[in-house]
Amino acid sequence: MQEAKSVRTTSKPNQWQWRVVRRGKRIFKWFCFVVLAYVAIVLLGLIPVNNDFVLAEKGITLHVVSNEVHADIIVPVVTNVIDWSVEFQNAAITDDVSAATHVAIGWGDKGFFLHTETWDDFKLSIAANALLLPSESCVHAKFTHPEHHPDAASVTISQDQYRQLVDFIKQTLRRDSEGKAIQIPGYAYSTTDAFFEAKGRYHLLNTCNSWVGRGLRTAGVKVPWMSPLPKTPMLYFE
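Using my numbering, the letters of the sequence shown correspond one by one to residues 1 to 238.
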């Protein structure tokens, strides 16, 4: 007697499963398009501007720090152009900062800035919200002394160029009815720094590095047309 052979049957994907597959493919294609578009924009943004810039023999030296966490412009506290201790005077800075020679100024996502001082404070949820959704911003100011930093570079500009940079920074700050920078109470990394409300929305193409790059570009420094990524603001520093 011939044994019956077992027949293995495979169920075909139903209509719902096909919809999931098609939707997954569309999402993947859209994701790839967004990534490629972002890369293309960033690469095009590396085209330099202010190609005629030359270092000032006598002027004001700026220090630019740009790493994976934050980007800052470090400027002298007092010059003939401005006294930053007056501009950033507030109750949050409880230490005597009269001995500080410089102030580090940075702009960035408000949520990320307030809660992420170092990599130890990093949270993926905060970073994802900062990058993927246009979000509120703030300015951080810290009175300090410039130190050697592996992620830093320096450039010397004229007093007139520095005045343009100062105007750019001041215009970033939100102000109260008396014209004073609006402090964000209850937040600081130490007793020598403070946060202030700022204009502008933070997103993938408008980052802390972008802000530093725009400030330098306004001052006439040779920088990339766009600089959203770490270290790109000082790409053309000599």
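Backbone N, C-alpha and C fix where the C-beta goes; we use that ideal spot for every residue, glycine too.
Keep in mind the model is a prediction, meaning the values are calculated, not measured.
Are Pro233 and Leu205 close, meaning C-beta to C-beta below 8 Å? no
CB-CB under 6 Å to Ala219, same chain, minus the five flanking residues each way: which ones, in chain order? Ile157, Gln161, Gln164, Leu165
Do the CB positions of Gly62 and Val155 come within less than 8 Å of each other? It should be pointed out that residue 62 corresponds to Leu in this sequence rather than to Gly. The answer is yes: Cβ separation under 8 Å.
Just to confirm the assignment, what range does the alpha helix (DSSP H) spanning Thr61 have? That residue, Thr61, is in no alpha helix (DSSP H); its beta strand (DSSP E) goes 60-66.
Secondary structure at Pro233, three-state DSSP: helix, strand or coil? helix
Same chain, Cβ closer than 6 Å to Ala152, neighbours up to 5 away in sequence not counted: His63, Val65
Inter-residue CB distance, Gly108 and Tyr202 (contact presumed, cutoff 8 Å): 6 Å
So for Thr118, helix, strand or coil by DSSP? coil
Select from Val75, Gln159, Arg19, His70 the residue whose C-alpha is nearest the C-alpha of Cys138. His70
With which residues is Phe196 paired in a DSSP beta bridge? Val139, Gln183
Inter-residue Cα distance where the pair is Val212 and Thr172: 12 Å
Can you tell me whether DSSP reads Gly220 as helix, strand or coil? coil
Are three or more beta carbon pairs between the segment 98-116 and the segment 184-196 nearer than 8 Å? yes
Reference Ile41; option with closest CA among Leu235, Tyr236, Glu238, Pro228: Pro228
Coarse secondary structure for Leu36, derived from DSSP in three states: helix
Between Asn80, Lys170, Ala104, which lies nearest to Thr144 when the distance is taken from Cα to Cα? Ala104
C-alpha distance - Ala141 paired with Leu36, whole-angstrom precision: 35 Å
What does DSSP give as the partner residue(s) for Thr156 in the beta ladder? Thr61
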